[in-house]
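Following numbering that gives the first Met the number 0, the numbering of the sequence shown begins with 0 at its first residue and continues without gaps.
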Amino acid sequence: MEGELVIRDVSPADTEAILAIGRELVEEGDTYVFSPTTSDDELKAYWLNPSGRTFVAVLDGSTAGCYFLRSNYPGRGRHVANASYAVGRKFMRRGIGRAMAEHSLEKAKDLGFQAMQFNLVVSTNERAVTLWRTLGFRIVGTLPRVFDHPTRGLIDAYVMHKFL
Numbered sequence: 000m001e002g003e004l005v006i007r008d009v010s011p012a013d014t015e016a017i018l019a020i021g022r023e024l025v026e027e028g029d030t031y032v033f034s035p036t037t038s039d040d041e042l043k044a045y046w047l048n049p050s051g052r053t054f055v056a057v058l059d060g061s062t063a064g065c066y067f068l069r070s071n072y073p074g075r076g077r078h079v080a081n082a083s084y085a086v087g088r089k090f091m092r093r094g095i096g097r098a099m100a101e102h103s104l105e106k107a108k109d110l111g112f113q114a115m116q117f118n119l120v121v122s123t124n125e126r127a128v129t130l131w132r133t134l135g136f137r138i139v140g141t142l143p144r145v146f147d148h149p150t151r152g153l154i155d156a157y158v159m160h161k162f163l
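If you want it as structure tokens, here you go:
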């Protein structure tokens, strides 16, 4: 990756950049379950949820991506982390997603999580599936026809899991 990448905790000044990345996800419609009419308030609630921690990836002073890390379940399931990631369109294929993934795995360990689970990885999102597999995640379940892809119709998604 060219340039200096810094991954840090989110600040209020990052909100607009996170919303811009979120809007790209809504527009593309092929990796997240967001409705085409998802509002900025809904995106804020998703990416900046106080039940977890949000981080931004800043490349040479520009917000290139973000992720959140939180418990996947409450109570007796709180030892399993969940995370969600987004890279801005113009920053894709530069290793930023991998850098955030590696950062999140370390943060999850530091916070005492024993595993990480992704509840809905769209089966056609080959970049994500490949990345998670190279980082040691396994597909532990297939959810048949749960994602309404904008061009392919109803397709499967995976539950992916890794012990930390």
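Backbone N, C-alpha and C define an ideal beta-carbon position, used for all residues, glycine too.
- Under DSSP, D8 takes part in a beta bridge, and its partners are F54.
- Taking each of S34, T36, N81 in turn and checking the Cα distance to M159, the smallest one comes out for N81.
- Within the same chain, W46, N48, G51, R52, T53, A82, S83 come within 7 Å of F67 by CB-CB distance, once the 5 residues on both sides are set aside.
- Nearest in C-alpha terms to L142, of all of K106, T123, F90, A114, is T123.
- An exposed status is given to V5, since fewer than 16 other beta-carbon atoms sit within 10 Å of its beta-carbon.
- Excluding the 5 residues flanking it on each side, A114 has same chain C-beta neighbours closer than 8 Å at H78, V79, A80, H160, K161, F162, L163, in chain order.
- With a minimum length of 3 residues, the unbroken runs of beta strand (DSSP E) contained wholly in the region 14–59 fall at 52–58.
- Per DSSP, the beta bridge partners of H160 are Q116, R137.
- Sequence-distant Cβ neighbours of F90 in its own chain, meaning closer than 6 Å and more than five residues away, are A63.
- I20 is positioned such that its CB atom lies no closer than 7 Å to that of A56.
- Within its own chain, the residues whose Cβ lies closer than 8 Å to the Cβ of G111, once the five positions on either side in sequence are excluded, are H78, listed in chain order.
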